[in-house]
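Chains as they are written, first to last, in my numbering: chain P, 57 to 285; chain S, 57 to 285; chain H, 4 to 229; chain Z, 4 to 229.
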């Protein structure tokens, strides 16, 4: 289904209805910053489970996508770091979730490759470490690289600062992190934002994520983490 | 040599002194737009020759890097399109220059790979065409891709709109094109700009090219193409 | 005998027909030549987002006063519509290769019955380079070819096998000429629309590719008010 | 016998010594733990550019009032200095992997005599993940390890062969502990500085890696005004 030119603005609850149990979702954020808190809250309050969660870190036990893990809605986590979330660590230790750990630079590059139509890329990161296990190594000019494959999701949940009606996005501070990249790699992309302005108000030179990537906009509803978004 | 925190501001003539005969240079620009005209002019007026020129197109015969080709200072062109510059086409036809043509998306991605430390990437672009000649093909999940390798230069000549004293850059309109990517892939990077402002005047959220990539700043000197830059 | 049409009419008929393909909100990339004209014929009520590979998402028409800091892929000045975005070539080709563009409209030297396209070089002539065409045909969801039915020598352009260097393999979705509309359906080339005064037999005489005939052939859309 | 130092002194001595390594304009990434303290000791007259892997180039100190929209890699709030830039994680790791960062200062579980680093997981304990550490040690020009000379059980951390999972192979440039400074020169580990009251013999007793002695060993810089 084609994306609309003027983006539908939904409540968080309605927006996450496009996520079914068993889906693969990407969630933006680094530590506390740039997490789509309202969308995650709506997902935690839904019946959805068996999710595969692609997220750099799983935040904290009761914060953002961390609570999705703690709540038992996630069957597999793909991340670079889970050390801040004891629930993720324990569930993995008890074999209750699957876990795939990927170096952070490789993690974001795999998402970009997925979103930008590449079949993979060669990275020197992780050569000689566990990160190369099960992966093809390719020699280029006498140096060995890991062939890393693209990563995509059914739905990307991202956090931005402002959107215009066409879904063009700008970000604020360190809340940018993985969000622009994940906006390229979801079949459906939902952006939670502080503010929606009329088209023309965002300078085209400043746009970070072009609106053609976005399906739905959601105004942030969560006030608890307001100061953190 | 480490790059300076506060970037030296040079004349175009002094800036291009770091380019020796035989060097590989990258030059930003698409058609008329976003070409570092003053730097090219200084180079045309220099004694430098035997250059390898990496540039999306070679502009027109007497425009920008096109005049560098026409002037006989280039021994090899790496580009996606030379159809606007009869000099490039004729010199190639007469075996007076080498030419490597690369699909435009692959061209810019090779530069990014060079600047961002990747060993290469797999692209579906060009499969079954002459673009795959001499390149390794890799099968991923039943689909064939071309393995493309990174591309770097001794010196990148780029064009931006504004710089701050730390070399942070913003771009204007369609003059952005290949410039931000080339800024990552030159051992030395020289940015020609309309304006240099004090640090703090460019909003950190708006910066496209972080100043740590830049070696030297040059204020545009060429007025002939002023309206085009 | 195929009707003889002046070049102006050929170009506009093709552009007009292609403009009827889009839904509101579709993201469309236009090549140079006939494809450029498509933007003049978008029906009222439909707004498409024009993307140019040099970094505009949401391009508008030519400005009254040229500002060379805003150009399209063909080098002509353009305007930006409200809600547009400017991106680098790196991101632009990411969008293209990543399947985020709905349509690309391109010219052709030859299209063959296996949906292969040759569009960038006639060997023996000076080489121009492929520019962004290979990325476009590889990544964009639908590739529409806008071309005169035969070349200036009267030779078929819709052929059995492309003899010129390829732009892409199996990439074409649809061909629009001044005489007909053909589509690739399940890897077969199928004739679905004919311009007024054109018969299937006429078309076969100027088409060396094998093609099937759709169950129902209609008059080429857009010709009714010529 | 190695001198006994309180933990505060250990941490600050290491941080202070590392802060003397930088030239004006160097781009520096600091890991969590002891590395974080390095920013407190940059000498007057030297300004380095602090980069955080979550997207800040030009980070300043902790603000008086927390604004969680500006955090560092460790999750603490930071300020932006004039002339800073904010980038995405994609670009940040491009800068890291691409060799555009001059120094990264990281903690360690073990460093071995082949310049291998183990820093992200003690098997048997809960797994935290490698985060950005593997990219940092692979791409950053100089990798400085900031670590106590032995672990809490008194075991050597500068070892013959890392037994814990590696972060990178042959990646370490320099090791700074509370007792010594060692550098990898032509693939050999070389002792170049000793803290006051530390002898080479003392150090060998707490170091299982083989190391050579620099022609001239000096007193560990930064200790003079403790």
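All residues carry an ideal CB built from backbone N, CA and C; glycine is no exception.
On the DSSP bridge list, what partners appear for residue 140/H?
Per DSSP, residue 140/H has no beta-bridge partner at all.
Minimum C-alpha distance to residue 266/S - residue among 119/Z, 98/Z, 173/Z and 223/Z
From the listed residues 119/Z, 98/Z, 173/Z and 223/Z, the smallest Cα separation to residue 266/S is found for 98/Z.
If you compare alpha carbons, which of 111/Z, 223/Z and 130/Z is closest to residue 175/Z?
Out of 111/Z, 223/Z and 130/Z, 111/Z has the C-alpha closest to the C-alpha of residue 175/Z.
Contact between the stretch 198-208 of chain P and the stretch 178-186 of chain P (3+ Cβ pairs under 8 angstroms)
Flag = yes, the stretch 198-208 of chain P and the stretch 178-186 of chain P touch.
What residue from 155/Z, 121/Z, 209/Z and 218/Z has the CA that sits closest to residue 194/Z's CA?
The residue among 155/Z, 121/Z, 209/Z and 218/Z with its C-alpha nearest the C-alpha of residue 194/Z is 218/Z.
Anything in chain Z within Cβ reach of residue 269/S, meaning under 7 angstroms, just list it in chain order.
Contacts between residue 269/S and chain Z, judged by CB atoms closer than 7 angstroms, involve 103 in chain order.
Taking the beta strand (DSSP E) that residue 94/H belongs to, which residues open and close that run?
First-last for residue 94/H: 92-100, but that is the alpha helix (DSSP H), not the beta strand (DSSP E).
Does the distance from the CB of residue 232/H to the CB of residue 119/H come in under 9 angstroms?
Missing from the structure shown is residue 232/H; chain H here goes from 4 to 229 and no further.
Closest by C-alpha distance to residue 37/H, when choosing among 23/H, 27/H, 4/H and 19/H:
The residue from 23/H, 27/H, 4/H and 19/H with its alpha-carbon nearest to that of residue 37/H is 19/H.
Thinking residue 246/S and residue 272/S are a contact (beta carbons under 8 angstroms), I'd like their distance in whole angstroms, please.
About 5 angstroms separates the CB atoms of residue 246/S and residue 272/S; that is less than 8 angstroms, so the two are in contact.
Span separating the alpha-carbon of residue 86/H from that of residue 254/P:
Rounded to whole angstroms, residue 86/H to residue 254/P spans 8 angstroms at the Cα level.
Proximal residues to residue 164/P (C-beta, below 7 angstroms), its chain only, five neighbours per side dropped
Answer for residue 164/P: 234 and 237, listed in chain order.
According to the neighbour-count rule (16 or more other Cβ atoms, all chains shown, within 10 Å of its Cβ), is residue 67/S buried or exposed?
Classification of residue 67/S: exposed, given that the 10 Å Cβ count is below 16.
Three or more C-beta pairs below 8 angstroms linking the stretch 102-112 of chain S and the stretch 127-142 of chain S
Contact holds: three or more Cβ-Cβ distances are below 8 angstroms.
Cut-off 8 angstroms between Cβ atoms - residues of its own chain near residue 104/S, not counting five sequence neighbours on either side:
Shown here for residue 104/S: same chain residues with a beta carbon closer than 8 angstroms to its own, the five before and five after excluded, namely 72, 75, 76, 77, 79 and 129 in chain order.
Residue 38/H, DSSP secondary structure in three states:
Residue 38/H: helix per DSSP, three-state reduction.
Quick check on the burial criterion: 16 or more other C-beta atoms within 10 angstroms. Buried or exposed for residue 47/Z?
By the 10 Å Cβ count, residue 47/Z comes out exposed.
Can you list, in chain order, the residues of its chain whose CB lies under 7 angstroms from that of residue 88/H, leaving out five sequence neighbours each side?
Hits under 7 angstroms: 60 and 61.
DSSP state of residue 82/Z, grouped into three classes?
Correct three-state label for residue 82/Z: strand.
Assuming residue 135/Z contacts residue 160/P (C-beta within less than 8 angstroms), just tell me the rounded distance between them.
The beta-carbon separation of residue 135/Z and residue 160/P, rounded to 4 angstroms, stays under the 8 angstroms limit for a contact.
According to DSSP, what are the bridge partners of residue 75/S?
Its beta-bridge partners do not exist; DSSP assigns none.
Cβ shell of residue 2/H (< 7 angstroms), same chain only, five flanking positions each side left out
Shown here, chain H extends from 4 to 229; a query on residue 2/H therefore has no answer.
Closest Cβ-Cβ distance between residue 175/S and chain B: below 9 angstroms?
Annotation note: the requested chain B is absent from the structure, which comprises protein chains P, S, H and Z.
When you check each C-beta in the stretch 75-104 of chain H against every C-beta of chain S, which residues fall closer than 7 angstroms?
Taking 7 angstroms as the Cβ-Cβ cut-off, the stretch 75-104 of chain H approaches chain S at 78, 89, 91, 92, 93, 96, 99 and 100, given in chain order.
Would you list the one or two residues that DSSP bridges to residue 209/P?
242/P.
Residues near residue 153/H in its chain [Cβ-Cβ closer than 7 angstroms; skip 5 each side]:
Cβ-Cβ distances below 7 angstroms link residue 153/H to 159, 160 and 209 in the same chain, with the five nearest sequence neighbours on each side left out; the list follows chain order.
Does residue 121/S get closer than 9 angstroms to chain H when you measure Cβ to Cβ?
Not closer than 9 angstroms to any Cβ of chain H, the Cβ of residue 121/S fails to qualify, so no.
Restricting to runs no shorter than 4 residues, where is the alpha helix (DSSP H) found entirely within the stretch 116-178 of chain H?
Counting whole runs of 4 or more residues, the stretch 116-178 of chain H contains the alpha helix (DSSP H) stretches 136-142.
Start and end residues, alpha helix (DSSP H) containing residue 205/H:
Membership of residue 205/H in the alpha helix (DSSP H) is indicated by the continuous run 203-208.
Residue closest to residue 213/P, alpha-carbon to alpha-carbon, out of 206/P, 232/P and 222/P
Each of 206/P, 232/P and 222/P was checked against the Cα of residue 213/P, and the nearest Cα belongs to 232/P.
Give me the Cα-Cα distance between residue 115/H and residue 75/H, rounded to the nearest whole angstrom.
About 29 angstroms.
Cβ of residue 112/Z within 9 angstroms of any chain P Cβ
Closer than 9 angstroms: no.
Name the one or two DSSP bridge partners that residue 218/S has.
DSSP lists 226/S and 251/S as partners of residue 218/S.
Buried or exposed for residue 100/Z, going by 16 or more other Cβ atoms inside 10 Å?
Burial call: buried.
Check for me: the alpha helix (DSSP H) holding residue 61/S runs from which residue to which?
Neither: residue 61/S is in no alpha helix (DSSP H) and is coded neither H nor E.
Going straight from the alpha carbon of residue 230/P to that of residue 264/P, what length do you get?
One C-alpha to the other measures close to 14 angstroms.
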